[in-house]
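These notes concern the structure reproduced below.
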Amino acid sequence: MISNQELANIIFPDVKETIEDLEKRYPARNLKEGAEVTRFAPSPTGFLHTGSLFTSLICRKVATQSGGIFYVRLEDTDTKREIQGSGEQLLSQLKVFDIVPDEGYLGNSEKGNYGPYVQSKRADIYRVAIKCLIEQGRAYPCFCSQAELDDIRSKQEKMKLIPGYYGQFAKCRFLTNDERAARIQAGEPYVIRFKSNGNHIRKIKVTDLVHGNFEIAQNDQDIVIYKSDGLPTYHFAHCVDDHFMRTTTVIRGEEWISSLPIHVELFEAMGWKTPNYAHLPVIMKLDEKGNKRKLSKRLDSEAAVSYFLEDGYPAEALIMYLMTIANSNFEEWIFAHKFEHMEEFEFSFSKMSLEGALFDIGKLNFFAREILAKKNKKEICDMALTYAKAYNPELLALIERDPEFFGEIMNIEREKENPRKDYEKFGNLPELIGFFYKDKYDELVKEPLPFNEKFSKETIIEMLEALRDGLSLDADEQGWFANMKEIAVNHGFAANGKEFKANPEAFKGTVGDVAEMLRISLTSKKNSPNLYYVMKVLKKEECDRRINKVISLLK
Ligand code: GLU
0 MISNQELANI IFPDVKETIE DLEKRYPARN LKEGAEVTRF APSPTGFLHT GSLFTSLICR
60 KVATQSGGIF YVRLEDTDTK REIQGSGEQL LSQLKVFDIV PDEGYLGNSE KGNYGPYVQS
120 KRADIYRVAI KCLIEQGRAY PCFCSQAELD DIRSKQEKMK LIPGYYGQFA KCRFLTNDER
180 AARIQAGEPY VIRFKSNGNH IRKIKVTDLV HGNFEIAQND QDIVIYKSDG LPTYHFAHCV
240 DDHFMRTTTV IRGEEWISSL PIHVELFEAM GWKTPNYAHL PVIMKLDEKG NKRKLSKRLD
300 SEAAVSYFLE DGYPAEALIM YLMTIANSNF EEWIFAHKFE HMEEFEFSFS KMSLEGALFD
360 IGKLNFFARE ILAKKNKKEI CDMALTYAKA YNPELLALIE RDPEFFGEIM NIEREKENPR
420 KDYEKFGNLP ELIGFFYKDK YDELVKEPLP FNEKFSKETI IEMLEALRDG LSLDADEQGW
480 FANMKEIAVN HGFAANGKEF KANPEAFKGT VGDVAEMLRI SLTSKKNSPN LYYVMKVLKK
540 EECDRRINKV ISLLK
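Following numbering that gives the first Met the number 0, the numbering of the sequence shown begins with 0 at its first residue and continues without gaps.
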């Protein structure tokens, strides 16, 4: 009779190394007490998901905070789903957010003593581990065809049983080693399955850094651990890798909790200590009907990190926003720290909310405005240019026309104690600042202007003419405003305070109404950056041209 040892040699005749050899090749890391080794383990199957950015942010933070190591491992064993180039893209996007691994897969190279960090290059390591399981009788070859598996499933459906390859349904479990060897030698295709000792009626106790202690049904599935293409499946590969890469803390999305029983059993079967687990809440969104649902790759543009980059959000703002999801006390902290030095915030798993966090674009915009308001003229211009070069030809054309002029526009009420928070991203800049440019302005005023209908055309024309002839830009902002008020009062349009109280009906409007007329005439909009500075940037001559243009349009 063929022993397990002999069967293992028939299946893997070339594998000479042992688990002990691997233990020596990848020794325990020499880190200080409490240092955590975390990993981000993306599959190269597409774009960087906002949820994955969240995960990698926490991985980076936990490692940095504890003086540990954060590494990236590319999980590319599912060759059918792989999208060429997406691994490199993931890494370059992480870099934009300043999430830089200490070791591991770096895009087109790798760094560190625990590699290779790309799973498809680790086939020989997995084979050693699988051979070891076969020797111990904890793994076996399975020859079932797709048709046989379908047949098992339909029987289970009819009997209303849990689907899968387990217990009595795990046909190939019951073959003798002699039968196995004969079928392999006859050239039959096969995969290797793990032999589970579990029973789903029993429960295991697990501890999660986010969810605390809980119980979950044992695994009883004989999952495939080694495919016919010579590569392992995710479940097995990650267990081998997390062990030999000496991961202390597995941080990943909550969707992996249901696989935890498999992972725990695999670690046990190998005789390895399980790492600590932290399953992070899934980022949700409110749908049209007001129900919470997971951010969907298919339905939601904000599910892809590239959306924020293409729209020109400052990377820092998205990270700051994700930190509010990560820890409930972060928001108060960052307010108190004036939106600076977020790296000094002490993250803790215990302050993470268990319910999926709702993605709140309003809050992201708020952080983005705070962050952009803090940049000085040079910084904001450099950021805008970098963004425009990568994503926005329309903005690039505006900047390149006259960088000096663009700088003046962006510098309105910047570099001061309480800077204005006009911008949250660069994507809508052409729309927001287009009116500064003569030709764009001339296009904009072809549309009807949003003047308050309360005022007759004649009144508007009268006020605009008076402003054109009487409003000086030589004064400071206060003087300019006083000047505008004087003009409004002199024309009997607005009153000064006392007169107004005595007889409010005697006046057509207020100085605010006059300012609005002027703003609309100069910018075509009801909202714009500070009007005084807009006029300073446009200069008197261009302001007069615009006023005359509007007057002729109104006539
Ligand atoms: N490769 C898995 C994924 O793409 C990683 C899961 C884990 O972190 O263990 O999500």
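Cβ coordinates follow ideal geometry from the N, Cα and C atoms, glycine included.
- The ligand GLU approaches Val249 closely enough that one of its heavy atoms is under 7 Å from the residue's Cβ.
- About 11 Å separates the CB atoms of Pro418 and Ile370; that is not less than 8 Å, and the two are not in contact.
- In the DSSP assignment, Tyr225 falls within the beta strand (DSSP E) that extends over Val223 to Tyr225.
- Tyr532 sits close to Ile411, with the two beta carbons spaced by under 8 Å.
- Cβ neighbours of Ala367 within its own chain (closer than 7 Å, five residues either side excluded): Tyr312, Pro313, Ala316, Glu423 and Lys424.
- Around the beta-carbon of Leu298, fewer than 16 other beta-carbon atoms lie within 10 Å, marking it exposed.
- Lys130 is a Cβ neighbour of Val14, given a cutoff of 8 Å.
- The continuous stretches of alpha helix (DSSP H) do not include Thr175, and DSSP gives it neither H nor E.
- Contact check for Thr248 and Asn290: beta-carbon distance about 33 Å, past the 8 Å limit, so the pair fails to qualify.
- Looking at the DSSP output, Glu109 sits in a beta bridge with Tyr104.
- Taking Ile183 as the centre and dropping the five residues before and after it, the same chain places the C-beta of Ile9, Ile10, Pro140 and Tyr189 closer than 8 Å to its C-beta, in chain order.
- The beta carbon of Lys376 sits closer than 8 Å to the beta carbons of Gly406, Met409, Asn410, Arg413 and Glu414 from its chain, once the five residues preceding and following it are set aside; these are given in chain order.
- Assignment of Asn212 by DSSP, reduced to helix, strand and coil, places it in the strand class.
- When C-alpha distances from Leu537 are compared across Gln64, Asn212, Asn198 and Phe404, the shortest belongs to Phe404.
- At the C-beta level, Ile124 and Val205 stay beyond 8 Å of one another.
- Put simply, the backbone Cα of Leu472 is about 49 Å away from that of Leu52.
- In the DSSP assignment, Met283 forms a beta bridge with Lys293 and Leu357.
- When beta bridges are read from the DSSP output, Phe329 appears opposite no residue.
- A Cβ-Cβ separation of about 11 Å leaves Ile261 out of contact with Ile215 under the 8 Å criterion.
- DSSP places Ile250 within a strand segment (E or B) once states are collapsed to three.
- Listed in chain order, the non-local C-beta contacts of Ala146 below 8 Å within the same chain number zero, local neighbours out to five positions each way being set aside.
- Not one heavy atom of the ligand GLU sits closer than 7 Å to the Cβ of Trp271.
- Sixteen is the threshold: when 16 or more other Cβ atoms of the shown chains lie within 10 Å of the Cβ of Gly103, as they do, the residue is buried.
- Taking 7 Å as the cut-off, the C-beta of Ala216 does not count as close to any heavy atom of the ligand GLU.
- Sixteen is the threshold: since fewer than 16 other Cβ atoms of the shown chains lie within 10 Å of the Cβ of Arg24, the residue is exposed.
- Between Leu93 and Ser55, the C-beta spacing is below 8 Å.
- Here DSSP, grouped into helix, strand and coil, assigns Cys141 to strand.
- Membership of Phe454 in any beta strand (DSSP E) is not indicated, and neither H nor E is assigned to it by DSSP.
- Straight through space, the alpha carbons of Glu342 and Ser257 are spaced by roughly 33 Å.
- Sixteen is the threshold: when 16 or more other Cβ atoms of the shown chains lie within 10 Å of the Cβ of Gln118, as they do, the residue is buried.
- For Phe11, there is no enclosing beta strand (DSSP E), as DSSP gives it neither H nor E.
- By the Cβ rule, the stretch 38-45 counts as touching the stretch 70-90, because three or more pairs are nearer than 8 Å.
- Cβ contact annotation for Lys374 (same chain, cutoff 8 Å, sequence separation greater than five): Met382 and Arg413, in chain order.
- For Leu30 against Gly67, the beta-carbon gap comes to about 6 Å, under 8 Å, which counts as contact.
- Straight-line spacing of the CA atoms in Asn198 and Ile18 works out to 28 Å.
- The beta-bridge partner set that DSSP reports for His48 consists of Ala303.
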